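What follows is a set of notes on a single structure, which appears directly below.
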Amino acid sequence: LPLEGLQAGGSGPLYLKLRQSLEDAILSGKLNHGDALPPERDLADYANISRVTVRKAVDDLVRDGLLVRRHGSGTFVVKPVSRVQQSLSRLTSFTEDMARRGLNTRAQWIERGLFQPSPDEIMTLGLPADGLVARLGRLRIADDLPLAIERASISAEFLPDPTRVTSSLYAELDKTRSRPTRAVQRISACALKDPDAAMLGVAVGSASLSIERISYLASGRVVEFTRSLYRGDAYDFVAELTLSD
Ligand code: 16G
């Protein structure tokens, strides 16, 4: 494992650097799915850092579903399973989430273009009445498994040419420094109807998580209003809870 120089290189907390090195090792195949992670004590000795730091980095990766602890036998690299463990505390994009798990994403486009906004979009995005809205409707597929249907509305001001989004919306917004830095999300349960059920490849009536996300720039401007349907049989949303003081 490329753990030398963790102390020296770059700024930021040590555990984040270790976490990144471990994640890189998994994604680059230095650590394969199913491999055992060296014992935390060995990692600490080897990288010359404390066991607490190692534990923190490993905890993070366990929480994000890249590693799993098996009682009595150690910590292992998780095999890509059909259930995705998705952290609720990080503002990441679908493409990033899947890439971190070593999965390839593709989209089946439902809609991509500029439109006259609906009253809902005008209100949520704070658009001028004569403004335009970019709409991206996609079936999101990871390693050939359809996982979610997402319909994003973005003010045309931030995305004047929606056809430029070929894979990642957030990567495109990043280019013009309009990638959101904060978001509010609402999750509710629903049963799938057609055509959504058919697109997701599940039976009518299957459970799904309906997710709305409104995301913001640091300035407070709304960038994105997205409604999604995530397959209930493929997603676990995981949140970390702490005792407030
Ligand atoms: C996630 C977001 C969605 C965002 C998309 C960008 C949820 C529920 N939704 O799927 O709001 O638009 O990421 O992904 O997490 P992209 O950059 O890969 O297009």
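Going by the working numbering, the first residue of the sequence shown is number 1049, and it counts up by one from there.
Every residue gets a Cβ at the ideal spot worked out from N, C-alpha and C, and that includes glycine.
Just so it is clear, the structure is predicted and the values come from calculations on it, not from any experiment.
Which listed residue (the options) has its alpha carbon closest to that of residue i
i	options	result
V1100	R1111, F1142, E1088, L1109	E1088
G1082	V1106, S1098, P1061, L1115	L1115
F1008	R1261, L1184, E1159	Examination of residue 1008 is not possible in this model, given that the chain is present from 1049 through 1293 alone.
A1255	V1232, Y1094, R1279, I1170	R1279
G1174	T1224, V1286, S1263, R1212	S1263
L1085	Y1218, A1105, S1098	A1105
P1208	A1239, A1177, A1190, F1163	F1163
Q1134	L1257, P1165, D1242, S1166	L1257
L1304	L1062, R1111, I1235, I1202	Look at the range of the chain in this structure, 1049 to 1293, and you will see that residue 1304 is not part of it.
T1214	P1165, A1155, R1269	A1155
K1065	G1077, C1238, L1109	L1109
A1237	P1167, R1269, I1259	I1259
I1235	G1268, P1210, S1201, D1284	D1284
Paired residues, beta bridge with residue i - DSSP
i	result
I1262	V1232, F1273
L1180	In the DSSP output, where bridge partners are listed per residue, L1180 has none listed.
S1256	C1238, R1279
A1084	F1124
V1286	S1135
Neighbourhood of residue i by C-beta, 7 Å cutoff - its chain only, sequence neighbours within 5 removed
i	result
S1216	S1141, T1143
S1098	A1092
A1245	A1251, V1252, S1254
I1170	A1177
I1197	L1187, D1244, M1247, L1248, S1276, L1277
S1203	L1173, L1175, G1179, V1181
R1067	A1105, D1108, L1109
K1241	V1252
Close beta carbons around residue i, own chain, < 8 Å, minus the five adjacent residues each side
i	result
A1282	S1130, R1131, V1132, L1193, L1195
L1139	P1228, T1229, R1230, A1231, S1263
R1212	E1220
L1079	L1049, L1070, A1073, L1085, V1125
L1075	A1147, R1148, G1150
G1122	A1084, L1085, P1087
Residue i (DSSP reduced to helix, strand or coil)
i	result
V1100	helix
A1251	coil
L1079	coil
R1118	strand
V1110	helix
L1062	helix
T1224	coil
L1051	coil
Q1068	helix
P1243	coil
T1214	coil
T1091	Before going further, note that residue 1091 is Leu rather than Thr in the sequence given. If DSSP states are grouped into helix, strand and coil, L1091 belongs with the helices.
Residues near residue i by beta carbon distance below 6 Å, same chain, minus five either side
i	result
G1185	I1158, E1159, R1199
A1095	L1051, L1054
T1153	T1143, M1146, A1190
T1172	F1273
V1286	Q1133, S1135
F1035	For residue 1035 there is no data in the structure shown, the boundaries of the chain being 1049 and 1293.
V1294	The question about residue 1294 has no answer, for the chain in this structure spans 1049 to 1293.
Residue i at chain D interface by Cβ criterion, 8 Å
i	result
P1228	Among the chains of the structure shown, chain D does not appear; only one protein chain is present.
Give, in chain order, every unbroken run of the beta strand (DSSP E) that is at least 3 residues long and sits entirely within the segment 1121-1208. 1122-1125, 1132-1135, 1153-1163, 1181-1190, 1193-1203
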